[in-house]
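Residue numbers (this note's numbering), protein chains in the order written: chain A, 151 to 429; chain B, -5 to 602. Even for Gly, the Cβ is constructed at its ideal location relative to N, Cα and C. Note that the coordinates shown come from a computational prediction; the quantities given were computed from them, not determined experimentally.
Listed below in structure tokens is the structure:
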């Protein structure tokens, strides 16, 4: 903390509170791994250096931060549930990112495109955040509600190795994203195709297990008139529109017209947020 | 007595009916709806969807959802209607091996009768679920203008679906049958049929002893309720664009919701003056938030949007009456058929045109299927007073010099029948004549349907008009047309047998039947398994809920441990069988699970 570069204090975030505690928060600047950061932020005693060593200015070129590099990150991923990772990814997708050219693969970009944003809102509480998970709350604490992180990219030297590593550590969503990025550049990549399919199967089974028997019929708990006060994206809105009180989850998956995994994930989010329930 | 179902195989919706204890009844589907969308889709996972479920994903899975297959059935690849469909359909239509039409779904080609068979199979299933017994026979309706090939293709579709199609009848005739059921009417009626995808107007003469003659029929196969929906969608899209500057058409999910909402609003406006279209989160704003569509539409707006479409139907009615040389006063009753006729504006337009209030006695969605059901019941029952006579749907004849059509057997002639006519050569020293067999009503042969052709050779060289050739048309009881041409001087003759063709060979139909049967077996097995699984899972859940209590209660007894172990073993077996999708074992375990559940409940109840 004492070695904090003077640059940081010269350029404080305009929305940051200037109390002592707030000064210890990192001004989120990349290279940035939101999940690792979120974990670090939610357990500061375990990771004392995580916040203080975070750079305060955007570096000239993306590089692996030793603290948040693959090793540190993946070691923690195995302790985090897919759902928590999804939330973190959803948050990370709120900022637009630059388009990637050449062969540099962008993690931030991948997450932004593949994460349906279904942020919870409790109308009674008057805003988002009431039903948020601890990880999400920790992230918000760390970065401040009004100054969302500036997401940038980090390069990956060996995307195939990264994909395999993520898969072996049980980060199936991450591995799937990597496989999609690889396939975007090389549609015939055998390993990426296989890994992507495996990830999809595992994730589909995982969400299906959480939803319970797919013959069950979901119902919408939120009155129609109040629906527009919820916070969700149009994809979630579409899935919600398919819930008519007589169609089973299986039928909804069939008619959604979106990949099964996406539909399952959205349905799961809707159930988690108590927008949807089962009869 | 065999149960015969009547099926209205519509362009957009189908309906099935039966006569039960003398009362014609429409059979609702599993969702409780009395009509089922005539839509078939194949999902990404290869699953077949038919009916409402196919309709709900029709836009998001547009390339693999077939609608309005009826516009293509029995038609040749090069027909104008097929070309029109190729240009306007979202699914792929390709040329088949017999110059027929094929539809591509998920890279697999299906013939049109095969697709229609999937809808018919669904209607058969609906009837079987309702009756609790297998259904074998059916009467299917077709538009009055369908030619022999289209009728044969519909019959083939029935056969592929596992149905014995005992009669094909005209839709307006079926509606008239439903109207005349239990009454003794002799009238000239107009059937104004404005459905989801097509418009038809037919003038019928209902005579005594079951003669229903179609005097005239016309329509537009690309005009229906969907066009009205499209106008409402346009209106909503335009309003949204003005408000938010975004085009909802660019997003398939938004478009699917719009389509459903537009249809719903249209239907509601038949009974209420205004309705709200409320579609929250319809499209992404591009800033990680979604926009909502909320608009009120009133009846006047809807009528304004669809006015020209209604006018088009009235123009067709006017033309049809003129063609049939009938006056409005000759029409003694007007029947309204098809969902669109619920629209007050249409009822008013029809009443104004025909200068009489339309009949309210027939159900717009159900009357055609009910008529088919009535006919089916009459065909297998003792009461034959309502049995329709089999008639030729179109005139039959040959092409003569100058490209004209010479009629030999007029439209609506009861079969079997035969007619003969003498023709002469049209050129000097003509030694051969080509007999071109046609079907239709147009004087111009090119506008009629070609059924077949053959050449009679070896004619005597002579001046034109001197060699006489006798042409004989014969239609037997099975509808097979034989045409003979005979040189009266030499008695040389040639003939051709014309059988209506759907464009499929017998082998193809047989293969498709096998495929349909396999699908049914698979579907029934899946349903059976799902039912058994649900029951088993319900017991397993209950047993596991009671287990800790029972364990506690019986812990002290000698037999307690044994009973608990047995219960656990049954649960494990059931779970394993469910995981392996072993239907026989799952079903076998249900009895044991039920017994265990009863026992557990008893134990718990006794201690409380």
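Inset, instruction - Taking only the alpha-carbon atoms, compute the straight-line gap between residue 487 (chain B) and residue 318 (chain B) and give it to the nearest angstrom. - result: Taking C-alpha positions only, residue 487 (chain B) is separated from residue 318 (chain B) by approximately 38 Å.
Legend entry - For residue 530 (chain B), three-class secondary structure by DSSP: Residue state for residue 530 (chain B) is assigned as helix, using DSSP reduced to three classes.
Legend entry - Amino acids of chain A, ordered along the chain, whose beta-carbon sits closer than 8 Å to that of residue 313 (chain B): None at all; the shortest Cβ gap to chain A is about 41 Å.
Legend entry - C-alpha gap between residue 45 (chain B) and residue 539 (chain B), whole angstroms: The alpha-carbon separation between residue 45 (chain B) and residue 539 (chain B) amounts to approximately 39 Å.
Legend entry - Below-8 Å beta-carbon distance, residue 7 (chain B) vs any chain A residue: For residue 7 (chain B), the answer is no, since every Cβ of chain A falls outside 8 Å of its Cβ.
Legend entry - Under 8 Å between C-beta atoms of residue 276 (chain B) and residue 242 (chain B): In contact: residue 276 (chain B) and residue 242 (chain B) (Cβ atoms closer than 8 Å).
Legend entry - Residue burial classification, residue 334 (chain B) (beta-carbon count within 10 angstroms, cutoff 16): So residue 334 (chain B) ends up on the buried side.
Legend entry - Buried/exposed call for residue 64 (chain B), threshold 16 Cβ in 10 Å: Buried is the call here.
Inset, instruction - Mind listing the chain A neighbours of residue 112 (chain B)? Cutoff is C-beta to C-beta under 9 Å, in chain order. - result: Neighbours of residue 112 (chain B) on chain A: none; closest Cβ ~15 Å, over 9 Å.
Inset, instruction - Return the residues of the region 337 to 367 of chain A that lie within a Cβ-Cβ distance of less than 8 Å from chain B, sorted by chain order. - result: Residues 363, 365.
Inset, instruction - Name, please, each residue of chain B whose Cβ falls closer than 7 Å to the Cβ of residue 388 (chain A). - result: Near residue 388 (chain A) (Cβ distances below 7 Å), the residues of chain B are 247, 251.
Legend entry - Length at least 4, wholly inside the region 466 to 542 of chain B: the alpha helix (DSSP H) runs in chain order: DSSP runs (the alpha helix (DSSP H)) wholly in the region 466 to 542 of chain B: none.
Legend entry - Minimum Cβ-Cβ distance from residue 407 (chain A) to chain B less than 8 Å: Yes, contact with chain B.
Legend entry - residue 3 (chain B): first and last residue of the uninterrupted beta strand (DSSP E) it sits in: From DSSP, the beta strand (DSSP E) with residue 3 (chain B) extends over -2 to 3.
Inset, instruction - Would you mind sorting residue 229 (chain B) into buried or exposed? The rule is 16 or more other CB atoms within 10 Å of its CB. - result: The residue is buried, with at least 16 neighbouring Cβ atoms inside 10 Å.
Inset, instruction - Mind checking the region 515 to 540 of chain B against chain A and listing, in chain order, the residues whose C-beta falls within less than 9 Å of any C-beta there? - result: Contacts with chain A (Cβ-Cβ distance below 9 Å) from the region 515 to 540 of chain B involve 524, 527, 528, 531, listed in chain order.
Inset, instruction - Evaluate the contact criterion for the region 47 to 63 of chain B versus the region 103 to 112 of chain B: three or more CB pairs, one atom per stretch, below 8 Å. - result: The region 47 to 63 of chain B makes contact with the region 103 to 112 of chain B: 3 or more CB pairs, one atom from each, lie closer than 8 Å.
Inset, instruction - Would you mind telling me which residues of chain B sit closer than 9 Å to residue 385 (chain A), beta carbon to beta carbon, in chain order? - result: Residues of chain B passing the Cβ test: 247, 275, 278, 284.
Legend entry - Beta carbon proximity, residue 41 (chain B) to chain A, threshold 8 Å: Output row for residue 41 (chain B): interface = yes.
Legend entry - Contact belief for residue 175 (chain B) with residue 274 (chain B) at Cβ below 8 Å, rounded distance in angstroms: Not quite, the Cβ-Cβ distance comes to about 47 Å (not below 8 Å), so this is no contact.
Legend entry - Residues from the region 43 to 70 of chain B in contact with chain A, defined by Cβ distance under 8 Å: Of all residues in the region 43 to 70 of chain B, 43, 47, 50, 51, 53, 54, 55 have a Cβ within less than 8 Å of some Cβ in chain A.
Legend entry - Segment contact, 8 Å Cβ cut-off, at least three pairs: the region 258 to 267 of chain B with the region 284 to 302 of chain B: Contact holds: three or more Cβ-Cβ distances are below 8 Å.
Inset, instruction - For residue 601 (chain B), count neighbouring C-beta atoms within 10 Å of its own C-beta (all shown protein chains included) and say buried if the count is 16 or more, exposed if not. - result: The residue is exposed, with fewer than 16 neighbouring Cβ atoms inside 10 Å.
Legend entry - residue 233 (chain B) at chain A interface by Cβ criterion, 8 Å: With its beta carbon at least 8 Å from every one in chain A, residue 233 (chain B) lies outside the interface.
Inset, instruction - Find the nearest neighbour of residue 591 (chain B) within the set B:578, B:389, B:122, B:543, judged by alpha-carbon distance. - result: Out of B:578, B:389, B:122, B:543, B:543 has the C-alpha closest to the C-alpha of residue 591 (chain B).
Inset, instruction - Tell me, please, which residues DSSP counts as bridged to residue 272 (chain B). - result: BP columns for residue 272 (chain B) point to B:288.
Inset, instruction - Can you grab the Cα-Cα spacing for the pair residue 604 (chain B) / residue 121 (chain B), in whole Å? - result: Absent from the model: residue 604 (chain B). The displayed extent of chain B is -5 to 602, so no value can be given.
Legend entry - Three-state secondary structure assigned by DSSP to residue 408 (chain B): DSSP places residue 408 (chain B) in strand when its eight states are reduced to three.
Legend entry - Whether residue 169 (chain B) touches residue 348 (chain B) by CB criterion (8 Å): Not closer than 8 Å, so no.
Legend entry - chain B contacts made by the region 308 to 338 of chain A, where a contact means CB separation under 7 Å: Contacts with chain B (Cβ-Cβ distance below 7 Å) from the region 308 to 338 of chain A involve no residue at all.
Inset, instruction - To the nearest angstrom, report how far apart residue 345 (chain A) and residue 323 (chain A) are at their CA atoms. - result: Here the alpha carbon of residue 345 (chain A) sits roughly 11 Å from the alpha carbon of residue 323 (chain A).
Legend entry - C-alpha gap between residue 512 (chain B) and residue 119 (chain B), whole angstroms: Approximately 14 Å, taken between the alpha carbons.
Legend entry - Neighbour list for residue 290 (chain B) in chain A, Cβ cutoff strictly below 8 Å: Identification of chain A residues near residue 290 (chain B) by a Cβ-Cβ cut-off of 8 Å yields none; the smallest Cβ-Cβ distance measures about 15 Å.
Inset, instruction - Measuring only between beta-carbons, confirm whether residue 637 (chain B) sits less than 8 Å from chain A. - result: The shown model of chain B, from -5 to 602, leaves out residue 637 (chain B), and the question about it has no answer.
Inset, instruction - Step through the CB atoms of chain A and report whether any lies within less than 8 Å of the CB of residue 30 (chain B). - result: With its beta carbon at least 8 Å from every one in chain A, residue 30 (chain B) lies outside the interface.
Legend entry - Neighbour flag for residue 37 (chain B) against chain A, beta carbons, 8 Å: Closer than 8 Å to the CB of residue 37 (chain B) there is at least one CB belonging to chain A.
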